[in-house]
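Every letter in the sequence shown is one number past the one before it in full-length UniProt numbering, and letter 58, counting from 1, is 58.
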Amino acid sequence: MSPSSPSTVAEWRGFLEDYSAKFLASDYLRQAEADGQAPFPVSDTQRESGWLGREPATEEEVRAAEERLGVRLPPAYRSFLLTSNGWNSIGPVDLLKADEIAWFAEREAWLVDAWSEPGEDFFIGDFAMLDRCLVIANDDGGGGCYWLLHADGARGNGEWTAYEWWPGDGDVPQGSVSGDFAALVTSTAENIT
């Protein structure tokens with residue numbers, strides 16, 4: 001994580017408030033709304049408050065997710081959830097709520113089954129990695145983007161390797177490494193605002 005990447009709840013709150021303000025004032029949103037192509041409807045309440053996030057997850061909700069998944073979540077991602085329990089449309093994806101995150105092989109079993117078909121040898125080596133990836137965001141109804149956190153990619157600081165992955169492009173997660181969760185969010189936000 002770079003020194004400017006958010007890691008604490010206070011840092012995430014500041015970052016997300018700044019992102020919300022920039023996004024609401026962006027040419028991107030104005031043009032998307034004018035064209036009827038806004039990534040999600042911005043409510044009057046969101047415009048008035050200047051906050052695009054959700055209510056924070058409680059510590060109990062985060063712990064329940066950790067118990068269900070059998071792992072402690074990376075520190076920056078935990079802090080993000082304690083700031084906003086998910087997020088609508090940051091870049092190509094919606095960040096999931098604490099009770100929606102899941103292991104890839106469980107959440108997207110249909111995709112694993114499709115890749116298990118005879119002749120789909122291309123993905124065989126990636127199954128082991130995907131078994132240890134959490135789906136934390138997806139492109140619901142879009143082009144099929146996932147944000148993944150790889151548990152076996154944990155660093156000494158507790159942060160996990162994060163990936164933005166477009167399986168429909170024939171790419172594999174190893175080709176799209178983005179550092180950790182905070183680096184993925186900040187780089188995506190820079191490209192939008």
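Glycine included, each C-beta is placed from N, C-alpha and C at the ideal position.
Values in this document were obtained by computation on a predicted structure and should not be read as measured data.
From residue 89 to residue 71, what does the alpha carbon distance come to, in whole angstroms? 26 angstroms
Which residues DSSP lists as bridging residue 102, in chain order: 135
Consult DSSP for residue 93 and reduce its assignment to one of helix, strand or coil. strand
Could you please give the first and the last residue of the uninterrupted alpha helix (DSSP H) stretch that includes residue 51? Segment: none, residue 51 is in no alpha helix (DSSP H) and carries neither H nor E.
Terminal residues of the alpha helix (DSSP H) in which residue 82 lies: 75-83
What are the boundary residues of the beta strand (DSSP E) that residue 186 is part of? Segment 181-192 is the alpha helix (DSSP H) holding residue 186; no beta strand (DSSP E) there.
Do residue 13 and residue 58 have their C-beta atoms within less than 7 angstroms of each other? no
From 111, 160, 183 and 54, pick the residue whose C-alpha is nearest to that of residue 134; which is it? 160
Return helix, strand or coil for residue 2, following the three-state DSSP convention. Low confidence applies here, because residue 2 scores a pLDDT of 45, under 50, leaving its location unreliable and the question unanswered by this model.
For residue 98 versus residue 151, is the C-beta distance shorter than 7 angstroms? no
Classify residue 38 as helix, strand or coil using the three-state DSSP reduction. coil
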